[in-house]
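In our numbering, the protein residues as written are 64 to 409.
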Amino acid sequence: MTKKTLRGAIIGAGYFAHNHLNAWAVAEGAEIIAICDRDEDRASVACAKFGIAGNFQDAAKMFVELDLDFIDICTTMETHRELVELAAANGVPVKVQKPIAPNWEDAKALVEVCKAADVPLMVHENFRFQMPHQTVAKWFRDGLIGTPTWGRIYFRTWYDIYENQPYLAEVDRLALLDLGVHVFDLARFYFGEAESLYCQTQTVKSFVTGEDQATAMVRHTSGAVSVVECSYGSCQLPDPIPQTLVHLEGTEGSIKLLQDYKVIVAKADGTREEHDLTPKMRPWAVEPWHCEQDAVVHTVQHFVDGLHGDGTFDTSGEDNLKTFALVMSAYDSAQSGQPVNPEKYA
């Protein structure tokens with residue numbers, strides 16, 4: 064039986080929303096019929112580029128005029144709670160960009176409002192949907208190198224993120240909230256839940272208000288330990304942007320996902336393997352962003368498949384709260400200088 068084609072809309076037509084729109088253009092089982100952005104010209108440009116008829120500047124009006132099967136929120140985090148609550152009030156399933164919210168109160172509230180309304184909610188957390196991480200995580204969890212014991216998961220760059228998002232230089236909370244949500248989510252993806260976390264933050268670039276570098280040590284409930292690093296202040300040549308690298312160890316070997324998607328598997332029996340996990344280059348993709356752009360496709364398709372299925376997602380709102388709790392705990396730890404149990408945010 065052919066699945067119904069779900070009809071949805073995107074709220075927000077900024078620079079990263081175009082990656083979403085490219086992904087929706089190839090999604091199986093869904094289509095975008097409208098774009099909503101307060102800037103009419105920006106919405107018009109996106110509508111013309113992707114052949115979308117609906118052009119709105121008011122989200123509430125859009126919900127009234129259109130019969131939507133889902134909404135994809137691509138706005139900044141400060142608007143997420145209001146927009147998610149609006150979607151929940153209209154009974155429309157939601158996919159919302161990370162970070163889910165600027166603070167714990169809003170994050171918790173928007174998850175609870177969707178739960179109360181029985182509206183599916185997924186967070187667009189695309190790092191775990193990058194194919195190199197999907198492959199390495201499967202090897203790791205399937206016991207390729209024995210029982211997981213330790214890991215380092217790190218995203219370090221000097222790239223000028225402020226050119227396209229100048230407001231980031233002025234926010235009080237930067238690296239952990241903007242980037243740490245990705246890297247902590249990968250730590251959970253590889254090692255499972257955390258029972259304690261210790262973090263230190265730094266501000267390296269003089270024009271930045273918030274922290275642009277953070278280093279955390281996490282003890283997981285399994286007993287494994289991971290070191291999580293996120294930095295916008297690390298000068299390297301060549302710069303690995305936008306790759307998240309990993310070094311994983313187990314009782315029987317190690318796996319390293321290195322720059323340019325090269326993987327080395329070393330085993331305790333003395334054998335060594337090398338793999339190339341270069342991701343697919345989509346027709347619209349641009350190096351070096353192609354891995355992230357390919358991951359957006361997989362993230363979008365996961366959302367669609369969930370809507371066609373039982374309405375559950377790997378990065379549901381409730382699941383993402385566990386990642387967000389690590390981010391909040393990291394800030395608490397950096398401020399107090401002490402380890403924090405993330406369960407305080409349960």
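Just so it is clear, CB atoms sit at the ideal spot from N, CA and C, and this is done for glycine as well.
* Asked: Is the stretch 320-330 in contact with the stretch 373-381, if contact means three or more CB pairs nearer than 8 Å?
  -> no
* Leaving out five residues before and five after D395 in sequence, what residues of the same chain have Cβ atoms less than 7 Å from its Cβ? -> V403
* Tell me whether the beta-carbon of F133 lies closer than 8 Å to the beta-carbon of M125. => no
* What does Q160 pair with, by DSSP beta-bridge criteria? -> H187
* What's the C-alpha gap between I136 and T264? -> 30 Å
* Asked: Measuring CB to CB, does G286 end up less than 8 Å from V267?
  -> no
* **Distance between R105 and A80 (C-alpha atoms, nearest Å)** => 11 Å
* To do: Give the straight-line distance between the Cα atoms of M344 and D357, rounded to the nearest whole angstrom.
  => 7 Å
* Using 10 angstroms around the beta-carbon of K161, count the other beta-carbons present and answer buried if the total reaches 16, otherwise exposed. => buried
* Closest by CA to A111, which one among A76, T142, L129, A86? -> A76
* Asked: What are the complete beta strand (DSSP E) segments, minimum 3 residues, inside the stretch 91-139?
  -> 93-99, 117-119, 133-136
* Asked: Does the stretch 276-291 come close enough to the stretch 331-351 that 3 or more CB-CB pairs lie under 8 Å?
  -> no
* From S289 to W213, what does the alpha carbon distance come to, in whole angstroms? -> 5 Å
* CB contact flag (S379, L173, <8 Å) -> no
* With 16 as the cutoff for other CB atoms within 10 Å, does C293 come out buried or exposed? -> buried
* So, helix, strand or coil for M194, using DSSP? -> helix
* Buried or exposed: R204, going by 16 or more other Cβ atoms within 10 Å of its Cβ? -> exposed
* Which residues mark the beginning and the end of the alpha helix (DSSP H) in which A80 is found? -> 80-89
* Asked: When the Cα atoms are used, what is the spatial distance from A348 to A388?
  -> 33 Å
* To do: Over the uninterrupted beta strand (DSSP E) stretch that includes K178, give me the two end residues.
  => Run containing K178: none in the beta strand (DSSP E); it sits in the alpha helix (DSSP H), 167-180.
* Hey, G71 and A93: beta-carbon distance below 8 Å or not? -> yes
* To do: Please classify T142: does DSSP put it in a helix, a strand, or coil?
  => helix
* Contacts around I304, its chain only, beta-carbon distance under 7 Å, and the 5 residues preceding and following it disregarded -> T220, Y222, P351
* With a Cβ-Cβ cutoff of 8 Å, do I216 and Y261 count as a contact? -> no
* Under three-state DSSP, which class holds P405? -> helix
* Asked: Buried or exposed: where does G154 fall if 16 or more other Cβ atoms within 10 Å of its Cβ makes it buried?
  -> exposed
* Asked: What does DSSP give as the partner residues of G214 in its beta bridges?
  -> S289, L311
* Three-state secondary structure (DSSP) of R204 -> helix
* Where does K385 sit, in a helix, a strand or coil, going by DSSP? -> helix
* To do: Taking 8 Å as the cut-off, decide whether the C-beta atoms of T138 and V244 are in contact.
  => no
* To do: Identify which residue in L131, A179, H310 has its Cα closest to the Cα of E148.
  => A179
* Asked: Does DSSP put Y261 in a helix, a strand or coil?
  -> strand
* Span of the alpha helix (DSSP H), counted from its first residue to its last, around Q364 -> 353-371
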